[in-house]
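Visitor: If you scroll down you'll find the structure; I have some questions about it.
Number of protein chains: 2
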Amino acid sequence: MKKNEDRKKRGSERVSLADVALAAGVSKMTASRVLNNTTGFSDKTRVRVLEEVKRLGYVQNRLAAAFSSHGKSTFVGVSIPDLGNEVFTQVLEGIERKLNSAGYQAVLCVSQYDHKAIEEWIETVLSWQPAGLIITGRNHTPTTRKLLKSGGVPVVEIWDLNSAPLDMNVGINHYDSGYAMGQHMVGLGNSRLGYIGTHHDSAHSAAARFRGWKAAVEDGGGSILHSHVLQDTPGFYAGYYGTEQFLKSCGDVDALYYQNDNMAAGGLMFVTSKQLRVPEDIGIAGWGDLPVGAILPKRLTTIHVPNLRLGQKAAEQLMRSISGEPFADVVDVGFHLVPGRTLGDGPR
Amino acid sequence: MKKNEDRKKRGSERVSLADVALAAGVSKMTASRVLNNTTGFSDKTRVRVLEEVKRLGYVQNRLAAAFSSHGKSTFVGVSIPDLGNEVFTQVLEGIERKLNSAGYQAVLCVSQYDHKAIEEWIETVLSWQPAGLIITGRNHTPTTRKLLKSGGVPVVEIWDLNSAPLDMNVGINHYDSGYAMGQHMVGLGNSRLGYIGTHHDSAHSAAARFRGWKAAVEDGGGSILHSHVLQDTPGFYAGYYGTEQFLKSCGDVDALYYQNDNMAAGGLMFVTSKQLRVPEDIGIAGWGDLPVGAILPKRLTTIHVPNLRLGQKAAEQLMRSISGEPFADVVDVGFHLVPGRTLGDGPR
DNA sequence: AACAAAAAAGTTACCGATAAAGTAAATCTG
DNA sequence: CAGATTTACTTTATCGGTAACTTTTTTGTT
Chain A
13 MKKNEDRKKR GSERVSLADV ALAAGVSKMT ASRVLNNTTG FSDKTRVRVL EEVKRLGYVQ
73 NRLAAAFSSH GKSTFVGVSI PDLGNEVFTQ VLEGIERKLN SAGYQAVLCV SQYDHKAIEE
133 WIETVLSWQP AGLIITGRNH TPTTRKLLKS GGVPVVEIWD LNSAPLDMNV GINHYDSGYA
193 MGQHMVGLGN SRLGYIGTHH DSAHSAAARF RGWKAAVEDG GGSILHSHVL QDTPGFYAGY
253 YGTEQFLKSC GDVDALYYQN DNMAAGGLMF VTSKQLRVPE DIGIAGWGDL PVGAILPKRL
313 TTIHVPNLRL GQKAAEQLMR SISGEPFADV VDVGFHLVPG RTLGDGPR
Chain B
13 MKKNEDRKKR GSERVSLADV ALAAGVSKMT ASRVLNNTTG FSDKTRVRVL EEVKRLGYVQ
73 NRLAAAFSSH GKSTFVGVSI PDLGNEVFTQ VLEGIERKLN SAGYQAVLCV SQYDHKAIEE
133 WIETVLSWQP AGLIITGRNH TPTTRKLLKS GGVPVVEIWD LNSAPLDMNV GINHYDSGYA
193 MGQHMVGLGN SRLGYIGTHH DSAHSAAARF RGWKAAVEDG GGSILHSHVL QDTPGFYAGY
253 YGTEQFLKSC GDVDALYYQN DNMAAGGLMF VTSKQLRVPE DIGIAGWGDL PVGAILPKRL
313 TTIHVPNLRL GQKAAEQLMR SISGEPFADV VDVGFHLVPG RTLGDGPR
């Protein structure tokens with residue numbers, strides 16, 4: 013056996029495949045085959061090579077490997093708007109689990125709803141030849157759109173259902189979920205209603221829910237006394253003080269609809285602290301079926317969304333697309349209304 | 013000008029630097045220089061090259077670039093235990109912001125406290141030649157330890173303060189934070205105490221807090237009637253039903269100390285629903301100063317930890333190390349006790 | 001104008017793996 | 001057992017950039 017690769021690395025350098033091959037007395041190529049578990053080597057050779065891999069502590073340089081096989085990496089770019097929002101961390105968790113178990117790595121972008129930031133991040137991530145992208149939302153800058161279309165990389169747009177996705181889509185129909193809650197509220201006899209949410213311009217899906225809810229309320233003959241949109245993050249505290257502000261300017265509502273459960277919990281706490289009874293004096297409805305619901309004095313009326321499953325499904329679709337298996341362009345993971353006990357059944 | 017690189021890509025292929033160079037009438041090297049904004053090109057050439065970059069829609073192949081300059085990537089592996097736990101999403105947010113603004117990308121691992129999973133992930137991530145790693149916790153498998161030591165990659169261990177880190181460390185002293193709360197509770201005259209938390213074996217830092225708290229209570233002459241450890245995630249619901257279980261078996265406590273604020277909020281809601289007054293009938297103390305505090309009927313007695321800053325600091329230390337700037341091996345971001353109004357000042 | 005120095009390019013080699021193609025050794029087959 | 005086939009390897013070329021070095025052109029100086 014001839015050894016044609018006998019240059020040795022300078023002491024401190026990382027062990028390369030050539031070092032392993034040299035030590036095992038085979039060619040780089042044979043060592044490569046053993047490591048990739050293809051064919052073309054004997055049992056004896058395999059053992060020899062793996063022995064040396066272990067002894068030398070060889071770790072593959074996947075930068076080189078991926079590059080060499082003019083291939084893609086195992087990175088999947090994942091963009092979500094906000095880590096402070098439980099729904100997105102749940103979605104992310106679903107994505108991460110599925111990706112990891114399939115041998116992919118999530119490269120994270122937390123956009124804070126900044127489309128320009130997403131654009132820049134996408135350009136960077138694409139330069140790493142990712143296996144795919146999962147992006148929250150459907151509104152992209154023209155440049156983003158162009159990059160994604162010409163990138164030659166599978167893309168899943170998640171969160172909003174989107175009948176004409178760039179590539180693939182996994183989400184729910186936010187408009188419909190708002191409509192369902194509007195119908196439910198009006199159906200129970202609540203007619204003077206209010207909405208409390210946060211900056212709509214950037215939170216596209218919350219705006220869609222609001223529109224759906226509004227349409228249902230109007231279709232059902234109810235009226236929206238006021239919709240209060242805060243410049244804040246949609247959490248407990250915004251719900252609390254948003255409700256305070258709302259009721260100061262507009263005290264005679266039957267029920268309030270919130271952007272999500274955490275805000276609704278804040279609202280519930282506020283009205284409780286003011287000795288208002290829920291639902292007798294005021295009704296409360298949220299969105300998302302978030303963990304806080306477990307500790308509220310009454311089961312919160314809300315919309316359940318399978319966030320974890322949504323994330324898993326998105327990752328699954330992506331992996332199907334990568335591996336050439338059949339997949340659906342659009343997946344609706346659905347929602348359902350959780351009736352709860354925070355909405356009364358009639359006007360006061 | 014001579015053109016020495018005139019092979020053209022097959023139609024569908026991605027545009028390479030050679031294509032750009034050819035189109036601009038310069039060598040690959042000159043084009044590379046322009047794109048990396050180094051020196052050695054004229055203004056006229058720069059404009060020409062950038063024109064072609066834009067026209068052809070060239071996107072750099074960083075796999076090749078990083079590989080070629082026997083260099084590292086701009087990836088930073090980030091491992092956290094759980095996305096369902098707000099403290100870690102806050103830390104992650106701090107990390108992500110800092111990394112992104114410095115041109116690095118976070119490659120995420122959500123370990124679910126599984127050391128073996130972390131080990132495998134680290135091996136994979138190292139194979140991508142990351143610029144650095146940020147890992148939650150200080151307990152590693154022997155293999156992990158070996159990989160990190162021989163990896164030649166800067167590593168920041170976060171969360172637990174660690175006077176002898178593998179490389180760098182950013183965190184707080186969990187034991188001390190528990191001790192501080194124990195002192196505070198006993199100092200206010202609470203002597204019959206209870207603890208409610210979740211599976212300690214995997215949540216090392218919570219266990220450290222418990223030990224510190226226990227020591228303070230004993231040092232102060234108080235006694236721990238019972239510590240209730242649940243097999244569940246440390247959230248609202250676990251706090252709620254954990255308190256129910258606790259009080260069933262042990263009803264005469266002065267105050268309860270919880271693993272975190274979300275559990276404390278659950279406990280608070282439970283005791284409130286049982287018509288117990290806080291703090292007159294029972295005291296409640298949490299940890300973490302989490303958002304839920306904003307909507308509780310009384311300011312919760314807790315420990316504030318600057319999670320976002322912890323994350324940012326970790327990323328900052330890492331980047332300093334990468335760029336050769338001076339950095340501290342160990343950074344203690346500190347905590348402080350928030351007195352609140354959920355602890356009474358004497359036995360009943 | 002002659003020469004030195006600086007700026008603007010071009011050329012070559014190479015990073016570490018794998019694809020593709022070639023060669024030697026082992027196995028099968030009639 | 002010769003020839004065909006399979007298996008076990010080796011060799012060479014190459015992916016797309018960049019480092020290091022070399023050459024050409026421009027600019028500056030007396």
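Going line by line, the protein sequences match chains A and B.
Here my numbering is used: the first residue of the first sequence is 13, the next is one more, and so on.
Here my numbering is used: the first residue of the second sequence is 13, the next is one more, and so on.
Glycine included, every Cβ here is placed at the ideal spot set by N, Cα and C.
Note that the structure is a prediction, hence the values are computed from the model and not measured.
(1) Relative to the alpha-carbon of ASP264(B), which residue among SER91(B), GLY251(B), ASN202(B) and ALA340(B) has its alpha-carbon at the smallest distance?
(2) Whole angstroms is fine: what's the gap from GLU337(B)'s alpha carbon to LEU330(B)'s?
(3) GLN72(A) touches chain B at which residues, Cβ-Cβ below 7 Å?
(4) Starting from the N-terminal side, write out each stretch of the beta strand (DSSP E) that is 3 residues or longer and does not extend beyond the segment 329-359 of chain A.
(5) So what's ARG58(A) in DSSP terms, helix, strand or just coil?
(6) For PRO93(A), which of ASP172(A), GLY232(A) and LEU242(A) has the nearest alpha-carbon?
(7) Within the 7 Å Cβ cut-off, does ILE134(A) reach chain B?
(8) What's the call for GLN117(B), buried or exposed, on a 16-neighbour Cβ count within 10 Å?
(9) Applying the criterion that 16 or more other CB atoms from any shown protein chain within 10 Å of the CB defines a buried residue, is MET41(B) buried or exposed?
(10) Return no unless some Cβ of chain A is closer than 7 Å to the Cβ of MET180(B).
(11) Could you tell me if ASP341(A) is buried or exposed, where buried requires 16 or more neighbouring beta carbons within 10 angstroms of its beta carbon?
(12) Quick check on SER81(B): does DSSP put it in helix, strand or coil?
(13) Once DSSP output is grouped into helix, strand and coil, what is the label at TYR70(B)?
(14) Restricting to Cα atoms, I'd like to know which of GLU25(A), ASN319(A) and LEU160(A) is closest to GLY89(A).
(15) List the residues of chain A whose Cβ lies closer than 8 Å to the Cβ of THR101(B), in chain order.
(16) In chain A, what lies closer than 7 Å to GLN324(B) by C-beta?
(17) Would you report the Cα separation of GLN195(B) and GLY305(B), rounded to the nearest angstrom?
(18) Taking the straight line between their C-alpha atoms, what separation do you get for SER6(B) and LEU268(A)?
(19) Name the DSSP beta bridge partners of ASN112(B), please?
(20) Per DSSP, VAL119(A) is paired with what?
(21) At the level of alpha carbons, what is the spacing between GLU131(B) and THR156(B)?
(22) Does GLN117(B) come within less than 7 Å of chain A when only Cβ atoms are used?
(23) For GLU105(A), decide whether its Cβ has a neighbour in chain B, counting only Cβ atoms nearer than 7 Å.
(24) Quick check on ASP172(A): does DSSP put it in helix, strand or coil?
(25) Does the beta-carbon distance from GLY190(A) to ILE170(A) come in below 7 Å?
(26) To which residues of the same chain is ASN16(A) closer than 6 Å at the C-beta, ignoring the five residues directly before and after it?
(27) Checking 7 Å against the spacing of the C-beta atoms, do ALA192(B) and LEU302(B) come in under that value?
(28) If the cut-off is 8 Å on Cβ atoms, which residues from the segment 331-352 of chain A count as contacting chain B, listed in chain order?
(29) For ALA76(B), which residues in chain A fall below 8 Å Cβ to Cβ?
(30) For PRO351(B), count the other beta carbons within 10 Å of its own beta carbon; 16 or more makes it buried, fewer makes it exposed. Which is it?
(31) Do GLY323(B) and VAL103(B) come within 7 Å of each other at the CB atom, strictly closer than that value?
(32) What number of angstroms, rounded off, separates the C-alpha of GLY83(A) from the C-alpha of ARG223(A)?
(33) Return the residue from the list VAL198(A), THR210(A) and SER80(A) that minimises the CA-CA distance to LEU355(A).
(34) Of all the alpha helix (DSSP H) runs that stay within the bounds of the segment 213-278 of chain A, which reach a length of 4 or more residues?
(35) Considering only their Cβ atoms, is the gap separating GLY144(A) from PRO166(A) smaller than 7 Å?
(36) Express the C-alpha separation of VAL46(B) and ALA36(B) in angstroms, rounding to a whole number.
Guide: Based on what the coordinates show:
(1) What you label residue 264(B) is simply residue 252 of the second sequence in a count that begins at 1. It is ASN202(B) whose Cα lies nearest to the Cα of ASP264(B).
(2) Mapped onto the second sequence, residue 337(B) falls at position 325. Mapped onto the second sequence, residue 330(B) falls at position 318. Taking the straight line joining both Cα atoms gives about 10 Å.
(3) Locating residue 72(A) in the first sequence gives position 60, counting from the first residue. Going along chain B in sequence order, the residues near GLN72(A) (Cβ under 7 Å) are SER139.
(4) When DSSP assignments are scanned along the segment 329-359 of chain A, the uninterrupted stretches of beta strand (DSSP E) that are 3 or more residues long and fall wholly within it turn out to be 342-344 and 348-350.
(5) Taking the first residue of the first sequence as 1, we reach residue 58(A) at position 46. Shown here, ARG58(A) sits in a helix according to DSSP, grouped into three states.
(6) In the first sequence, the residue the question calls residue 93(A) occupies position 81. Nearest option by C-alpha distance: ASP172(A).
(7) The residue labelled residue 134(A) in the question sits at position 122 within the first sequence. Not a single CB atom of chain B sits nearer than 7 Å to the CB of ILE134(A).
(8) Your numbering for residue 117(B) matches position 105 in the second sequence. Around the beta carbon of GLN117(B), 16 or more other beta carbons sit within 10 angstroms, so the residue counts as buried.
(9) The count along the second sequence starts at 1 and reaches residue 41(B) at position 29. Its Cβ having fewer than 16 others within 10 Å, MET41(B) is exposed.
(10) Walking along the second sequence from the start, residue 180(B) turns up at place 168. Taking Cβ atoms only, chain A never reaches closer than 7 Å to MET180(B), which makes this a no.
(11) The count along the first sequence starts at 1 and reaches residue 341(A) at position 329. Exposed, since its Cβ has fewer than 16 Cβ neighbours within 10 Å.
(12) Within the second sequence, residue 81(B) is the residue found at index 69, counting from 1. Three-state DSSP puts SER81(B) in coil, outside helix and strand.
(13) On the second sequence, residue 70(B) is found 58 positions in, with the first residue counted as 1. TYR70(B) falls in the coil class under three-state DSSP.
(14) Stepping through the first sequence from its first residue, residue 89(A) is reached at position 77. Nearest in C-alpha terms to GLY89(A), of all of GLU25(A), ASN319(A) and LEU160(A), is LEU160(A).
(15) Residue 101(B) sits at position 89 when you count from the first residue of the second sequence. Result: LEU95, GLY96 and THR101.
(16) As a working mapping, residue 324(B) is identified with position 312 in the second sequence. Neighbours of GLN324(B) on chain A: none; closest Cβ ~13 Å, over 7 Å.
(17) Position 183 of the second sequence, counted from the start, is the residue given in the question as residue 195(B). Position 293 of the second sequence, counted from the start, is the residue given in the question as residue 305(B). CA-CA distance, GLN195(B) to GLY305(B), rounds to 22 Å.
(18) Any question about residue 6(B) goes unanswered here, given that chain B covers just 13 to 360.
(19) Here residue 112(B) refers to the residue found at position 100 when the second sequence is read from its first residue. Partner(s): none; ASN112(B) has no beta bridge.
(20) Your numbering for residue 119(A) matches position 107 in the first sequence. As computed with DSSP, VAL119(A) is found in a beta bridge with GLY89(A) and VAL119(B).
(21) The count along the second sequence starts at 1 and reaches residue 131(B) at position 119. The count along the second sequence starts at 1 and reaches residue 156(B) at position 144. Cα to Cα, GLU131(B) sits roughly 5 Å from THR156(B).
(22) Taking the second sequence and counting its residues from 1, the one referred to as residue 117(B) is at position 105. For GLN117(B), the answer is yes, since a Cβ of chain A falls inside 7 Å of its Cβ.
(23) Residue mapping note: residue 105(A) aligns to position 93 of the first sequence, counting from 1. Yes, GLU105(A) lies at the interface with chain B (some Cβ there is under 7 Å from its Cβ).
(24) Counting from one through the first sequence, the residue named residue 172(A) turns up at place 160. DSSP places ASP172(A) within a strand segment (E or B) once states are collapsed to three.
(25) Here residue 190(A) is taken as the residue at index 178 of the first sequence, counted from 1. Here residue 170(A) is taken as the residue at index 158 of the first sequence, counted from 1. Contact: no.
(26) The residue labelled residue 16(A) in the question sits at position 4 within the first sequence. In this predicted model, ASN16(A) has a pLDDT of only 34, less than 50, meaning its place in the structure is not dependable enough to derive any value.
(27) For this step, residue 192(B) is matched to residue 180 along the second sequence. For this step, residue 302(B) is matched to residue 290 along the second sequence. No, Cβ-Cβ distance for ALA192(B) and LEU302(B) is not below 7 Å.
(28) Against chain B - using a Cβ distance shorter than 8 Å - the segment 331-352 of chain A contributes no residues.
(29) To locate residue 76(B), count along the second sequence from 1; it is residue 64. Within 8 Å Cβ-Cβ: PHE79.
(30) Locating residue 351(B) in the second sequence gives position 339, counting from the first residue. Classification of PRO351(B): exposed, given that the 10 Å Cβ count is below 16.
(31) Counted from its first residue, the second sequence places residue 103(B) at position 91. Counted from its first residue, the second sequence places residue 323(B) at position 311. In this structure, GLY323(B) lies closer than 7 Å to VAL103(B) by Cβ.
(32) The count along the first sequence starts at 1 and reaches residue 83(A) at position 71. The count along the first sequence starts at 1 and reaches residue 223(A) at position 211. Rounded to the nearest angstrom, the two C-alpha atoms are 45 Å apart.
(33) Position 343 of the first sequence holds residue 355(A). When the alpha-carbon of LEU355(A) is set against those of VAL198(A), THR210(A) and SER80(A), the nearest one is in VAL198(A).
(34) The segment 213-278 of chain A contains these whole alpha helix (DSSP H) runs: 216-231 and 248-261.
(35) Residue 166(A) sits at position 154 when you count from the first residue of the first sequence. Residue 144(A) sits at position 132 when you count from the first residue of the first sequence. Taking 7 Å as the Cβ cut-off, PRO166(A) and GLY144(A) qualify as a contacting pair.
(36) Counting from one through the second sequence, the residue named residue 36(B) turns up at place 24. Counting from one through the second sequence, the residue named residue 46(B) turns up at place 34. Whole-angstrom Cα-Cα distance: 12 Å.
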